[in-house]
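The structure appears right after this line, and notes come after that.
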Amino acid sequence: MASVSNQHARVLSGMRPTGRLHLGHYHGVLKNWLELQHEYECFFFVADWHALTTHYEDPTKIPESTRDMVIDWLAAGINPGSATLFVQSRVPEHAELHLLLSMITPLGWLERVPSYKDQQEKLKERDLATYGFLGYPLLQSADILIYKAGQVPVGEDQVAHVELTREVARRFNHIFGREPDFEVKAEEAKKKMGKKNAKLFDELRRRYQEQGDQEALEVARALLEGQGNITLSDRERLFGYLEGGGRIILPEPQALLTKASKMPGLDGQKMSKSYDNTISLRDSPAEVEKALRTMPTDPARVRRTDPGEPEKCPVWQFHQVYSDSSVHEWVQQGCRSAGIGCLECKQPIIDAVLAELAPIQERAREYEAQPDLVRSILNEGCEKARDVARETMEEVRHAMSLVMS
Numbered sequence: 534m535a536s537v538s539n540q541h542a543r544v545l546s547g548m549r550p551t552g553r554l555h556l557g558h559y560h561g562v563l564k565n566w567l568e569l570q571h572e573y574e575c576f577f578f579v580a581d582w583h584a585l586t587t588h589y590e591d592p593t594k595i596p597e598s599t600r601d602m603v604i605d606w607l608a609a610g611i612n613p614g615s616a617t618l619f620v621q622s623r624v625p626e627h628a629e630l631h632l633l634l635s636m637i638t639p640l641g642w643l644e645r646v647p648s649y650k651d652q653q654e655k656l657k658e659r660d661l662a663t664y665g666f667l668g669y670p671l672l673q674s675a676d677i678l679i680y681k682a683g684q685v686p687v688g689e690d691q692v693a694h695v696e697l698t699r700e701v702a703r704r705f706n707h708i709f710g711r712e713p714d715f716e717v718k719a720e721e722a723k724k725k726m727g728k729k730n731a732k733l734f735d736e737l738r739r740r741y742q743e744q745g746d747q748e749a750l751e752v753a754r755a756l757l758e759g760q761g762n763i764t765l766s767d768r769e770r771l772f773g774y775l776e777g778g779g780r781i782i783l784p785e786p787q788a789l790l791t792k793a794s795k796m797p798g799l800d801g802q803k804m805s806k807s808y809d810n811t812i813s814l815r816d817s818p819a820e821v822e823k824a825l826r827t828m829p830t831d832p833a834r835v836r837r838t839d840p841g842e843p844e845k846c847p848v849w850q851f852h853q854v855y856s857d858s859s860v861h862e863w864v865q866q867g868c869r870s871a872g873i874g875c876l877e878c879k880q881p882i883i884d885a886v887l888a889e890l891a892p893i894q895e896r897a898r899e900y901e902a903q904p905d906l907v908r909s910i911l912n913e914g915c916e917k918a919r920d921v922a923r924e925t926m927e928e929v930r931h932a933m934s935l936v937m938s
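Its first residue numbered 534, the sequence shown is counted upward by one per residue in my numbering.
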């Protein structure tokens, strides 16, 4: 996969604005973002247009849900100094790229995306026979490609979306990357590297194209990344020249597989608002304690003296997230022998969840008291994101001959 400077180090990820977040979001997404923001150049966005693809009939809740979600991001430790936080609809270039990509994307590519049929099955009560719903995977592709993101953190169920994005980028580059006199322009660009580097580039290119030498390809890529005296367009031409294609305008991203969240809901199912089994990051200590104390346990333990089986109890799933091996052993022995009661078993979980939420809730109160600060963080993030998006769209328009000469 060809690349532009810094492209491999850029990550893009987004969340639909569903309001206040819960422990499932924290363990499934935010903890991953917390690590990524220190390793990559991260763009995290509120996918408000995506929310409209399934909930278009009532968009009035989106602004408040956006605010609440971003406060939870910040409270969880997402740092606007390390990552760019923005709102999708505030960067209209996403929509322009989505439109232009739709001109070249075969309908069958969208219809075969697994989540297209899955979502229709899950949301039968909604009218999803819309152009927007069919096209939302392509809008996701536009979201990724407009920032030339090299890595997209996804679970296994979302890999198909990244693969679609790669196919769309490949098709776009194939159609529009072959500019007139491409080889001549690439040779001119190579000369700007200086004789020594140009000679090295030729040798590495020959080794890759004639022998399939992957190491030569990586060394050549690194050589191009380090060239400070050639333009971005020249660098992209040389990436394409290196691999025997045209100019790479929209680099293909890679799926960055994330661990599946093991955070269960209060009933043992996946934690989800639709199942009404969540603990929100901003639930009060009393609410958290009540929710955990009243959560169901192994149905076999009708009386305190009845032995139980941890594997059949939702509380055990919480222990797997929050407890160490010594507590695991205490639970296994105590539950099976009826040596401990269910409330005793729950207490370490209650203590651990409250300890985890305390610093998050303290930061959330600070941001709740400063709505202007939250607004300012988003405004700055939207401007930064839009600067990057504008650069990409200039290249795309030029490649598609949508500029006046």
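Glycine is no exception: its CB is placed at the ideal position from the N, C-alpha and C atoms.
How is Thr617 classed by DSSP in three states: helix, strand or coil? The count along the sequence shown starts at 1 and reaches residue 617 at position 84. Thr617: strand per DSSP, three-state reduction.
Contact between the region 757-766 and the region 720-732 (3+ Cβ pairs under 8 angstroms) = yes
### Message
Would the region 709-724 count as touching the region 792-800 if we require 3 or more Cβ pairs under 8 angstroms?
### Response
no
Counted within 10 angstroms of its Cβ, other Cβ atoms place Ser674 as buried (16 or more) or exposed:
Position 141 of the sequence shown, counted from the first residue, corresponds to residue 674. So Ser674 ends up on the buried side.
May I ask you to verify whether the region 699-708 touches the region 630-644, counting CB pairs closer than 8 angstroms and requiring at least 3? yes
Which word fits Met796, buried or exposed, when buried means at least 16 other C-beta atoms lie within 10 angstroms of its C-beta? Against the sequence shown, residue 796 aligns to sequence position 263. Flag for Met796 reads buried.
*For the region 569-577 against the region 608-625, are there 3 or more C-beta pairs whose distance is under 8 angstroms?*
yes
Integer Cβ distance of Pro818 from Leu887, believed to fall under 8 angstroms: Residue 818 sits at position 285 when you count from the first residue of the sequence shown. Residue 887 sits at position 354 when you count from the first residue of the sequence shown. Going by Cβ atoms, the distance from Pro818 to Leu887 rounds to 6 angstroms, so yes, they are a contact pair.
**Asked** Under 8 angstroms between the Cβ atoms of Leu667 and Tyr649?
**Response** For the purposes of this step, residue 667 is identified with residue 134 of the sequence shown, where counting begins at 1. For the purposes of this step, residue 649 is identified with residue 116 of the sequence shown, where counting begins at 1. Yes, these two residues count as a Cβ contact at 8 angstroms.
- Message: I'd like the ranges of any alpha helix (DSSP H) spanning at least 4 consecutive residues and lying wholly in the region 554-585.
- Response: 564-572
Contacting residues, own chain, Cβ-Cβ under 6 angstroms from Gly547 (five flanking each side not counted) | Numbered from 1 along the sequence shown, position 14 holds the residue referred to as residue 547. Phe578, Ala580, listed in sequence order.
Open item on the list: Measuring straight from C-alpha to C-alpha, what distance separates Pro881 and Ser856?
Closed with: One-based indexing of the sequence shown puts residue 881 at position 348. One-based indexing of the sequence shown puts residue 856 at position 323. Their Cα atoms are separated by approximately 8 angstroms.
Within a Cβ cutoff of 7 angstroms, which residues of the same chain sit near Ala719, ignoring the five residues on either side of it in sequence? Looking up residue 719 in the sequence shown gives position 186. Once the five neighbours on either side are set aside, the close Cβ partners of Ala719 are Arg770, Leu771, Tyr774.
Exercise. Where does the unbroken alpha helix (DSSP H) through Pro686 begin, and where does it stop?
Worked result: In the sequence shown, the residue the question calls residue 686 occupies position 153. Note, Pro686: premise wrong, no alpha helix (DSSP H); beta strand (DSSP E) at 684-687.
### Message
I need the boundaries of the alpha helix (DSSP H) containing Met926, first residue and last residue.
### Response
Within the sequence shown, residue 926 is the residue found at index 393, counting from 1. 904-932 is the span of the alpha helix (DSSP H), which, as asked, contains Met926.
Inset, instruction - Would you check if the distance between the CB atom of Val965 and the CB atom of Ala932 is smaller than 8 angstroms? - result: With the chain running from 534 to 938 in the structure shown, residue 965 is simply not present.
Buried or exposed: Ala535, going by 16 or more other Cβ atoms within 10 Å of its Cβ? Against the sequence shown, residue 535 aligns to sequence position 2. Confidence at Ala535 is low in this model, with a pLDDT of 34, below 50, so its placement is unreliable and the value that follows should be read with caution. When all chains shown are included, Ala535 counts as buried.
Roughly how many whole angstroms lie between the Cα atoms of Gln903 and Ala616?
Taking the first residue of the sequence shown as 1, we reach residue 903 at position 370. Taking the first residue of the sequence shown as 1, we reach residue 616 at position 83. Each residue's alpha carbon lies about 20 angstroms from the other.
- Message: So the candidates are Cys575, Leu643, Met926, Leu554; which of them puts its Cα closest to the Cα of Ala542?
- Response: The sequence position of residue 542 within the sequence shown is 9, counting from 1. Of Cys575, Leu643, Met926, Leu554, the residue nearest in Cα terms is Cys575.
- Message: Going by beta-carbon coordinates alone, are Glu712 and Arg780 separated by less than 8 angstroms?
- Response: As a working mapping, residue 712 is identified with position 179 in the sequence shown. As a working mapping, residue 780 is identified with position 247 in the sequence shown. A contact, by the Cβ cut-off of 8 angstroms.
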